[in-house]
Amino acid sequence: MNAPAQPPAAPPWTPRIVAFFCNWCTYTAADLAGVSRLKYAPNVRVIRLMCSGRVDPQFILEALRRGADGVLIGGCHPGDCHYVEGNYKMLRRFGLLQRMLADLGIPPARVRLEWISAAEGERVKAVINDMTRQLQALGPLDLPGKFADWDAEIADLAATLQTESAKEPEATHTWEPPKVLVQPQ
Amino acid sequence: MVSLKPEIRIGFYVCHCGHNIASMVDCADVAAYVGQLPGVVLARDYKYMCSDPGQELIQKDIAEFGLNRVVVASCSPLLHEHTFRAAVAAGGLNPFLFHMVNIREHASWVHTDRAAATAKAKVLARAAIRRAALARELPQRQIPINPGVLVVGGGIAGIHAALTLAEAGKHVWLIEREASIGGHMAKFDKTFPTLDCAACILTPKMSAVGAHPNITLWSHSDVVQVDGYVGNYTVKVRRRPRYVNEELCTGCQECIGNCIYKEPKFPDEFNEGLGKRKPIHIPFPQATPQVVLIDPQVCLNFKRGVLTDRCKKTCVEACGDRKAIDFTQKEETKEIQVGAIIVATGFKPFDVRRVPQYGYGTYPNVYTALEVERLVNASGPTAGEIVLRDGRRPSAIAIIHCVGSRDKKTNRWCSRVCCMYSMKLAHLLKEHSGAELYNFYIDIRAPGKGYEEFYDKLNEEGVHFIRGRVGEVTDWAMIPEEEGKLVIRVEDTLAGVVRRIPVDMVVLATGLEPHADAQAVRRLFNMSCGTEGFFLERHPKLAPVSTFTDGVYIAGCCQGPRDIPDTVAQAGAAAAEALALIDRGHILQEPNTAHVLADCSGCKSCLPLCPYTAIGFDEATHQAVINEALCKGCGTCVAACPSGSIGQHLFEDDEVFSEIEGLLTADPEPTPALAATP
Amino acid sequence: MPRPKVAFYWCASCGGCEETVVDLAEDILGVVAQVDIVLWPVALDFKYHHLEALADGEIAVTFLNGAIRSTEQESMAQLLRRKSQLLVAYGACAHLGGIPGLANQFGREDILRSNYETAPTVVNEGKTRPQAVTEINGYRPHLPEQHQVVRTLDQVVDVDYFLPGCPPTPELTKAAVAAILSGNLPPKGSVLAPDTALCEACPRRATKPADVKFTEFRRPHRHLLDPQQCFLAQGVVCLGPATRSGCGVQCPGGNMPCTGCFGPTSRVRDQGAKILSSLGANVAGRTAEEIEPTLRGIPDPVGTFYRYALPASLLRRRVDIPHA
Amino acid sequence: MPATATPAERVELKSGPPPAAPAGSGGRNWSTRRIERTIKYESDRNVGFGRDVMRVPGCEQLENCIQCGTCSGVCPLSIYMDHSPRQVMALTRADFRDEVLRSHTIWLCASCYACTVECPQQIRITDIMYELKQRAIDAGIYPRRFPIPVLAHEFTHMVRKHGRITELVLVIRLFLKTDWFAALGNWRLGLDLTRTGRFSLLTERIRRHGDIARMLDAVDQPKHPSP
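Have a look at this one:
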């Protein structure tokens, strides 16, 4: 089709998932999914950590804040942690974090903790596809956009002040209400 | 945006990996994109980065362009990180100024849209570039290695691995659960395809193990605990009592003849219950160690395993002043120190009762393959005569392949050895009994040296091969000729007709499966299991005997079904890997340890989190201290330090934050239409 | 030589920070002797137009306390920023958002409705709400508008230094003033308090065993707390490990756990996430069923972990509130 | 209209010796032997038929068939079938739609589920047989006077009309539509059943039988529209 006048249609939105995978189980499983040529949605971007115990809740919040629509944490099955029980420590944090996130308006489906062993390449595929579907249904989280929205009120006033001060450079009253209030009756 | 210091000079390389990456990721486009990112001095794409020319390219560029960071986008870091670190080090840079991006396993191989895969590769590369800018030089730490090796399991795999290491001058502890080493192979009559006698080739190796000065053989023992790490494992072994002192017993077996039980009465495990033994017994004539043992469950001097001292103890009298029999023997736990571990715990034959339509346990003349191995063996319960449980001699025998293999209701995998051992048994049974032999198979799998020729030979011998998985074994006769017989009902899929074949004996070619306690063993050694329960190798092609735990290797059927030649080859490979590890004398440890910063407040939150007790508390400074020799680098304490006062080399907070930021800043180009699911 | 001009101002705050200035006691005289106070609404009658009349940068230093949550506060912050050489965010609210920052769990509409309509103590049958502009007898008085979001000072204007605390202690205040007057200043953006967590200064530190595992979180108002033992060892949530020291350990001194008003150390981006990580990881139990009852001892994680720092946290506020 | 095998491509050698064979060789009487060319051409395939069947819920596992013959081995009726169940699976997967739908194997299946229970690939063979039966009915190529489809048809017809069946009427209709001659051989059994109250001479019906008809109408949309 030859339609140069039409701007290209905006690509359909798909979620962005940041995944923190432990080196020994889930990262290896993701490698296995690759070696097995399993196909899954390209929405996930994996960060390798040595253990799910290393997943600092700050990382999760940072990922959401930077624009991730979901965060996936993958660790070894209970009892299988390469570091004995790092995964339990993540699990314990996770319960508290999910409650806190719910109170901050982030539904539980956006942050997911999964135990995936090194042999479960299929499970990597299933979890990523499933999470992609779920997030697709939830729609964008778009925290950067929300931050910009929130800050628009500041930017607006700052811009107004800027122009006002430009108009009246000397000893001006940039702020009207007090002037009105102090006027004698 | 991370502000890059002016001196950061990153070299970026994207690997085509032949077509593996290039077919799904536009490598030139990725290089062009990364080339314009801040801090990147050069960005190249190259066909094979891991090749020698690829590595030399990195070294040349480091010198020529003054690179001080290197990022390679190629395969998984688990595969080639060490390769590129070495290349970077050879180029004169600290190896930890290298960072790797996985665009093969995590992009090209798993996605189907080239534009989406390319976009993802760019994003992953951008994150790595940001992160690499923060990389710090780190020292390589060396740790000495204990030269001893633990071999777990005394089957042919364990025996071969132990002997190989012992011959190389290393001390080996060989731990076997049963009373004798030998494993399943010791029970076999002949071996395919050469038909040499299993005992004849195995026994000399067993004796060599028993006699070798470098091998400490502990049979009737279990590994109960493994601590430590590569090069320095501390292993606890439980030695169960045999009620016979191993040092004093000479293996004369006079005690057995003089046991209060005049006749063998109890099912003999070695002969699969087809023969009988006494409470005091030796598993089989060539058992190693040549030491008798007492079964406290049936010995009169015990009651249900508890010593009662009610027997006349004729065995003790027979032993005389050798005084080897010791009813007071207790279980002991011993501790050993080793540098490497080879796990060769073998397999368990499939329990044929799980396939009830074949009538095992219902019809006495249905046998498992292992029972038939003993039946045809000259030292077996019938001295090699093919006599059925009802005393008859068979004139027609059916061998049913794939019992507990290639079946999603039981085990879905092919057990690899059953076709060949079924043919071997067909040959032996025909040779011993002259009966008509029918093999019922789904597919004949004979991929080995001389295996197809063996199949040819069986065809020449007149053994029938009927392609069809047997529907049922029944004693219900439809025609007079079937009376008193076991009838095989099967579709002869090549002829396309359903057939009923009356036979006298049915042999079930049982598949191989993991031991029932494979999960417990896996946890003991910190290994992984595949979905089917066999131990998982580090890489199916390139690291087939290594596991994900450094210093722990696997050999034999515990990793998956395989035949004797493959098992021996793998055992040799495992021994060689262990040797390569311990002979080096030291290991380089990944410097991903945690470290306490000067601002620690001494809150002690991290102390209970360390599973290795690597974190201590310095009472003088009131701060936590991390013993880097004990730290394994999980980073749990780092994530949990409430004041951010613990760092982790290679995984510092700012490095991870920069990677997150790199992954999520606006996409490098209009996002192509990504399919939500492929 | 003219004395340096100094301004004090308050935005969304309780006034406690002003008290600290008063708490300087006689020392304040020394300060007053050395400086020329040009704005201090709580104590002295200056008018805004006095301030506006000053040249840009004429004020040497402004101490501004309180969070920014209205148009008036925002424009005053902008104005003071322009007039001042140094702007110091004074106290937890200006530094981190403070207690008013907890309003970020709700939308502006919810807050206004609650305050003017639904709160049990409100009698407001006409459901009157403050209007930005009202007509009274021909005059049009303006009222500031409330922002959607409560902000820290540095989310609105450039801030030079932060003096943490709810309120900052007189000692820290004196030290800061002394540093400013002497010109002996740390790098811009510094928090003028030690960069170590509170435990470092806490006399109870020594009583904490090395193997604290939480099986229960106890709320301080429901238990008689041991006045010597580490709160965490008693199962009481104490934010000391995740909070800067410098306060003089006043709350633990009064047998109450630290609630985190000094904010995180420089190495931490999100105080709440960090203390959550630490407490969570140290919970006993291995299954969700075992862990959950323990975690229920923290009924309000946001209010507990972000009591002072929600606007300064990574997420800043509840994210699913539509803008009114 | 799906591309079916065109009969024109079949060469029937009903009479006369095959061209290659010399007349009268071996003393065989070629004239009484009917020889058909049994080769399958690609054009005989109904491409997509197998995939289409496998898309039906319950039939997905067919793609994993390893042709081991267990189904035929356990099938109590496989000894009467023109194609063994295994062959039906192979023909279906290979898209030989006409061959499969014309096979009487699908009508002989007694739904005992032995094959489904024993299949090592967990293929739901009985379900596939049902699917094939339905397709045969939809395609109108089932054997018209074969009792099983007739029984099914008459059964549902009666239920739709009266809400339940009347055995005697059902049996009579079945015989009339299949092999009325066979009814004669069974008169005595019929008499016994009537005498013992198993056969009602009156048509039985339920109250509000129209509701049943409406329920059946709701689920009875043709699944595979006839070509």
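Protein chains in written order, with the numbering used here: chain X, 6 to 190; chain E, 3 to 680; chain L, 3 to 326; chain V, 178 to 404.
All C-beta atoms, glycine included, are put in the ideal place defined by N, C-alpha and C.
- Looking only at E:Phe619, E:Gln591 and E:Arg586, the smallest Cα-Cα distance to E:Cys602 is reached by E:Phe619.
- Burial is judged here by how many other beta carbons sit within 10 angstroms of a residue's own beta carbon; E:Ala626 has at least 16 and is buried.
- Within the model, the alpha-carbon separation for E:Gly363 versus E:His162 is close to 36 Å.
- In this chain, the alpha helix (DSSP H) harbouring L:Arg115 covers Arg110 to Arg115.
- Residue state for E:Arg324 is assigned as helix, using DSSP reduced to three classes.
- Beta-bridge pairing by DSSP links V:His334 to no other residue.
- In chain order, Pro132, Gln133 and Ala134 place their CB closer than 7 Å to the CB of L:Leu145, counting only its own chain and leaving out the 5 sequence neighbours on each side.
- Comparing alpha-carbon positions, the option among E:Ile145, E:Thr595 and E:Arg240 lying closest to E:His651 turns out to be E:Thr595.
- The alpha-carbon separation between E:Thr551 and V:Gln298 amounts to approximately 35 Å.
- Within a 10 Å sphere around the beta-carbon of X:Arg97 sit 16 or more other beta-carbons, which makes this residue buried.
- In summary, L:Gln230 is exposed, with fewer than 16 beta-carbon neighbours lying within 10 Å of its beta-carbon over all protein chains present.
- Nearest to E:Arg414 by C-alpha distance, out of V:Arg232, V:Asn241 and V:Cys236, is V:Asn241.
- For L:Glu60, same chain residues with a beta-carbon under 7 Å away, outside a window of 5 residues either side, are Lys7 and Lys85 in chain order.
- With its beta carbon less than 8 Å from one in chain V, E:Gln359 belongs to the interface.
- Along the stretch 117 to 147 of chain X, there is no position whose C-beta sits under 7 Å from a C-beta of chain L.
- DSSP places E:Val640 in the uninterrupted alpha helix (DSSP H) bounded by Thr638 to Ala642.
- In the DSSP assignment, X:Trp18 falls outside any beta strand (DSSP E) and carries neither an H nor an E.
- E:Leu510 is a Cβ neighbour of E:Ile402, given a cutoff of 8 Å.
- Close to L:Ala283, with beta-carbon spacing below 7 Å, are these residues of chain X in chain order: Lys94, Arg97 and Arg98.
- Close to X:Met105, with beta-carbon spacing below 8 Å, are these residues of chain L in chain order: Gly274, Leu278, Pro303, Val304 and Phe307.
- Boundaries of the alpha helix (DSSP H) around E:Gln521: Ala520 to Leu526.
- Checking the DSSP bridge columns, you'll see E:Phe272 has no partner listed.
- Excluding sequence positions up to five before and after L:Gln80, its CB lies within less than 7 Å of the CB of Val159, all in the same chain and listed in chain order.
- Leaving aside the five residues that flank E:Asn70 on each side, the residues in its chain whose CB is nearer than 6 Å to its CB run, in chain order, Arg11.
- The criterion of a C-beta distance shorter than 8 Å is not satisfied by X:Leu77 and X:Val60.
- Going by DSSP, E:Cys420 is part of the alpha helix (DSSP H) stretching over Cys420 to Ser435.
- Sequence-distant partners of E:Leu126 (beyond 5 residues in either direction) whose C-beta falls short of 8 Å from its own C-beta, in its chain, are Ala75, Val103, Asn104, Ile105, His108, Ala109 and Leu665.
- Neighbours of L:Cys201 in chain E, taken as residues at a C-beta separation under 7 Å, are given in chain order as Ser603, Gly604 and Cys605.
- In the three-state reduction of the DSSP assignment, L:Asn106 falls in the helix class.
- For the stretch 102 to 119 of chain L, residues whose beta-carbon sits nearer than 8 Å to a beta-carbon of chain X comprise Gln107.
- Judged by their CB atoms, E:Glu515 and E:Gln359 are not nearer to each other than the 8 Å cut-off.
- For V:Cys289, the number of other beta carbons within 10 angstroms of its own is below 16, and it is reported as exposed.
- Judged by beta-carbon spacing, E:Leu460 lies beyond the 8 Å limit of E:Asp477, meaning their Cβ atoms are not closer than that value.
- With its beta carbon less than 8 Å from one in chain L, X:Pro62 belongs to the interface.
- Cβ-Cβ separation between E:Lys314 and E:Ile262: approximately 6 Å, consistent with a contact (criterion under 8 Å).
- For V:Cys248, the secondary structure class from DSSP, reduced to helix, strand or coil, is helix.
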